[in-house]
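Engineer: First the structure, then my questions, so here it is.
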Amino acid sequence: MKQLYTAVLKAMSGEFEAFQNLKQGSEKRFMPLFDIPTPLNRDAAAIQAKGGDINSTYLRAKAEKIKRFYKTGDSPVMFDMFYWSVDDIVQTTGESVYEFFFKELTMGLLFNIPIIPVISLDKWDSQEYRNAMKNIVLASHSGICIRCDIAHNDDFIDMDEIEDVLSFLAIPSSKCRLIFDLGYILEKDLGDLLGQVESLYMEIKGYNFYQVMTCGSSMPKSITTVVAEQNSENEVQRKEMLLWKALTGKGYDITFADYGTRHPLPEPESDSIENPKQPFFQNKNKQIRYTTLDAHYILRGCPTKDGGNHQALSKKLTKSPCYSGSPFSWSDQRISECSQGSFKGNDSNWVAIDTNRHIEAVLDEVKEHLRTPVVTDAGTLEEGVFVE
22 MKQLYTAVLK AMSGEFEAFQ NLKQGSEKRF MPLFDIPTPL NRDAAAIQAK
72 GGDINSTYLR AKAEKIKRFY KTGDSPVMFD MFYWSVDDIV QTTGESVYEF
122 FFKELTMGLL FNIPIIPVIS LDKWDSQEYR NAMKNIVLAS HSGICIRCDI
172 AHNDDFIDMD EIEDVLSFLA IPSSKCRLIF DLGYILEKDL GDLLGQVESL
222 YMEIKGYNFY QVMTCGSSMP KSITTVVAEQ NSENEVQRKE MLLWKALTGK
272 GYDITFADYG TRHPLPEPES DSIENPKQPF FQNKNKQIRY TTLDAHYILR
322 GCPTKDGGNH QALSKKLTKS PCYSGSPFSW SDQRISECSQ GSFKGNDSNW
372 VAIDTNRHIE AVLDEVKEHL RTPVVTDAGT LEEGVFVE
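Have a look at this one:
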């Protein structure tokens with residue numbers, strides 16, 4: 022079964038809290054792509070202080086988090102290590118970090134969960150990377166996903182390189198997923214994006230890929246760029262959703278993917294170099310990222326050491342016409358509880374709330390759009406669909 026929606030996530034604790042509280046059935050319609058970031062300096066320092074090997078300790082912990090949630094074989098899991106170098110190894114064994122993570126991810130699983138490796142074309146020239154992916158594919162038997170980094174390669178897909186990947190790994194295109202990763206797109210023109218993806222789609226037409234996805238994010242690295250004042254709010258268009266609706270409205274068989282409620286790049290390091298254990302969010306504005314139809318409704322507070330600011334933001338949100346009401350999802354219930362003073366939550370809890378709300382809202386939005394597709398001739402882009 023093809024899932025309706027894929028989110029590129031970082032295997033953060035808050036994300037798993039979001040998964041654990043999805044509505045029954047939602048987890049079967051949703052497939053995560055865990056893009057494992059490299060260790061932050063504070064993480065590396067903490068591991069070294071205990072005398073551990075940084076890469077193996079860090080990756081083992083990430084794998085354990087994923088395995089604790091995925092206890093059944095209902096939905097496949099994709100993983101990538103996009104920001105790691107092809108030369109990164111586990112010091113204790115000398116093996117590639119890619120192979121090490123895959124082994125940790127599959128070790129001790131009680132069910133046959135499909136684990137799908139994501140191939141990064143920008144690393145394919147490395148023989149070490151090719152060999153690592155070959156070993157993973159031989160052990161996984163779940164196909165592959167090829168990630169085309171469109172954000173840095175403009176309109177070009179090297180089909181010869183994709184064919185080389187399929188040939189080297191002995192994988193037919195029918196067992197290969199393909200992602201057009203557009204990266205951060207808030208400042209890009211929707212019409213240009215549409216033309217770009219249509220051109221890319223025509224290049225792969227006839228290859229019979231198992232699934233083709235278009236992925237992007239309209240969430241800036243800092244919300245201050247879109248919500249200028251503290252204790253205020255603003256709505257940000259989700260151009261990745263508008264783009265996908267335009268494509269499917271024209272009849273393209275493309276699955277929706279995004280970066281959840283986050284910017285594509287990993288979270289930044291702590292601003293405090295003297296104290297690397299200081300959380301990166303300690304001095305950040307408290308915020309709620311609430312997903313609505315075609316948009317993110319972002320509420321910005323101010324830096325606080327407790328959850329009082331989130332309570333004020335929750336009160337404001339529950340009075341907004343965009344609030345769906347507490348029965349809609351676990352996250353909406355938590356927002357309601359926070360507005361009433363019975364819940365505050367820490368930053369990880371609010372990552373969970375933002376993520377849970379986003380997944381549930383996107384699944385409903387995608388399902389509704391696919392139920393009543395609009396197929397028209399190309400025209401001008403207006404509210405995410407093409408009209409003559």
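In terms of the numbering used here, the sequence shown opens at residue 22 and continues consecutively.
Even glycine gets a Cβ: it sits at the ideal position worked out from N, Cα and C.
Please read all numbers here as calculations on a predicted model, not as lab measurements.
1. Under 8 Å Cβ to Cβ from F51, same chain only, skipping five residues before and after it: list those, please.
2. Mind pulling the alpha helix (DSSP H) runs of 4 or more residues that sit fully within the stretch 150-231?
3. For M180, I'd like the list of residues in its chain whose CB is within less than 7 Å of its CB, leaving aside the five on either flank, ordered along the chain.
4. Once you ignore the five residues that flank E358 on each side, which residues in its own chain have a CB closer than 6 Å to its CB?
5. By Cβ distance below 8 Å, which residues in the same chain neighbour F189 in space, the five residues on each side in sequence not counted?
6. Tell me whether the stretch 33-41 and the stretch 80-94 touch, counting them as touching only if at least three CB pairs, one residue from each stretch, are closer than 8 Å.
7. To the nearest angstrom, report how far apart Y344 and W265 are at their CA atoms.
8. Give a yes or no on whether the C-beta atoms belonging to V111 and S147 are separated by under 7 Å.
9. So what does DSSP say about M128, is it helix, strand or coil?
10. Please report how far the alpha carbon of M99 lies from the alpha carbon of C166, in whole angstroms.
11. Tell me which same chain residues have a C-beta within less than 7 Å of the C-beta of E295, skipping the five on either side of it?
12. On the DSSP bridge assignment, give the partners of A28 in chain order.
13. Would you kindly report the start and end of the unbroken beta strand (DSSP E) that includes R63?
14. Please report the residue range of the beta strand (DSSP E) in which A316 lies.
15. Could you round the C-beta distance between L314 and K260 to whole angstroms and report it? I think they count as a contact, below 8 Å.
16. Helix, strand or coil, according to DSSP, for V118 in the structure here?
17. For Y79, does the three-state DSSP call read helix, strand or coil?
18. If we ignore side chains and look at the alpha-carbon of each, how far apart do T276 and G216 end up?
19. Pick from R168, A172, V118 and F90: whose alpha carbon is nearest that of I134?
20. Would you mind sorting S195 into buried or exposed? The rule is 16 or more other CB atoms within 10 Å of its CB.
21. Comparing C-alpha positions only, which one of Y205, I75, A191 and I309 sits nearest to D353?
22. Reducing DSSP to helix, strand and coil, say where N255 ends up.
23. Give the secondary structure of I134 by DSSP, where H, G and I count as helix, E and B as strand, and everything else as coil.
24. By Cβ distance below 8 Å, which residues in the same chain neighbour L187 in space, the five residues on each side in sequence not counted?
25. May I have the straight-line CA-CA distance separating P285 from I57, to the nearest angstrom?
26. By a C-beta neighbour count over all protein chains shown, 10 Å radius and 16 as the cutoff for buried, is Y104 buried or exposed?
27. Using the Cα positions of E288 and F349, report the straight-line distance between them to the nearest angstrom.
28. Go through its chain and collect everything with a Cβ distance to L142's Cβ below 8 Å, but skip five positions before and after it.
29. Measuring CA to CA, which of G129, M128, T127 and M102 is closest to V118?
30. Which term fits G405, buried or exposed, when burial requires 16 or more other beta carbons within 10 angstroms of its beta carbon?
31. Between the alpha carbons of M375 and H390, how many angstroms are there, rounded?
32. So R321 and S253 are supposed to be a Cβ contact under 8 Å. How far apart are they, rounded?
33. Thinking C-beta only, is T339 closer than 7 Å to S360?
34. State the Cα-Cα distance for the pair E120 and P342, rounded to the nearest angstrom.
Structural biologist: So, from the data block:
1. Within its own chain, the residues whose Cβ lies closer than 8 Å to the Cβ of F51, once the five positions on either side in sequence are excluded, are Q24, L25, Y26, T27, A28, L43, S96, I380 and L384, listed in chain order.
2. For the stretch 150-231, whole alpha helix (DSSP H) runs of length 4 or above, ordered along the chain, are 171-174, 180-190 and 211-225.
3. Residues of the same chain with a CB within less than 7 Å of the CB of M180, apart from the 5 flanking positions on each side, are E224 in chain order.
4. Here the set comprises F364.
5. Taken in chain order, the residues that qualify are R151 and K155.
6. As far as the Cβ criterion goes, the stretch 33-41 touches the stretch 80-94, which means the pair count is three or higher.
7. Rounded to the nearest angstrom, the gap between the Cα atoms of Y344 and W265 is 24 Å.
8. Cβ atoms of V111 and S147: not closer than 7 Å.
9. M128: coil per DSSP, three-state reduction.
10. C166 has its alpha-carbon roughly 8 Å from the corresponding atom of M99.
11. Per-residue confidence for E295 stands at a pLDDT of 39, beneath the threshold of 50, marking its modelled position as unreliable; the derived number appears in the next sentence. Here the set comprises nothing.
12. The secondary-structure analysis by DSSP pairs A28 across a beta bridge with P53 and D279.
13. Run containing R63: none in the beta strand (DSSP E); it sits in the alpha helix (DSSP H), N62 to A70.
14. First-last of the beta strand (DSSP E) with A316: A316 to R321.
15. The pair is not a contact, with the Cβ atoms about 14 Å apart (cut-off 8 Å).
16. If DSSP states are grouped into helix, strand and coil, V118 belongs with the helices.
17. Residue state, collapsed to three classes: helix.
18. In this structure, the CA atom of T276 is about 17 Å from the CA atom of G216.
19. For the residues R168, A172, V118 and F90, the minimum Cα distance to I134 belongs to F90.
20. Its Cβ having fewer than 16 others within 10 Å, S195 is exposed.
21. Taking D353 as reference, the option from Y205, I75, A191 and I309 with the minimal CA-CA separation is I309.
22. N255 carries a strand assignment under DSSP once its states are collapsed to helix, strand and coil.
23. In the structure shown, I134 adopts coil according to DSSP, grouped into three states.
24. Closer than 8 Å at the Cβ level, and outside the excluded window around L187, lie P193, S194 and C197.
25. Straight-line Cα distance between these residues: approximately 12 Å.
26. Using a 10 angstroms sphere on the CB of Y104, the tally of other CB atoms stays under 16, which defines it as exposed.
27. The straight-line gap from Cα to Cα measures roughly 29 Å.
28. These residues qualify, in order along the chain: I167, R168, C169, D170, D179, E182, I183 and V186.
29. Residue M102 is the option with its Cα nearest to V118.
30. The predicted position of G405 is uncertain, since its pLDDT is 40 and thus under 50; no value can be drawn from it.
31. The sequence shown places Asp at residue 375, not Met. Rounded to whole angstroms, the gap between the alpha carbons of D375 and H390 is 22 Å.
32. Distance from R321 to S253 at the Cβ level is roughly 6 Å; contact confirmed, criterion being Cβ atoms closer than 8 Å.
33. Yes, the Cβ-Cβ distance between S360 and T339 is below 7 Å.
34. Each residue's alpha carbon lies about 48 Å from the other.
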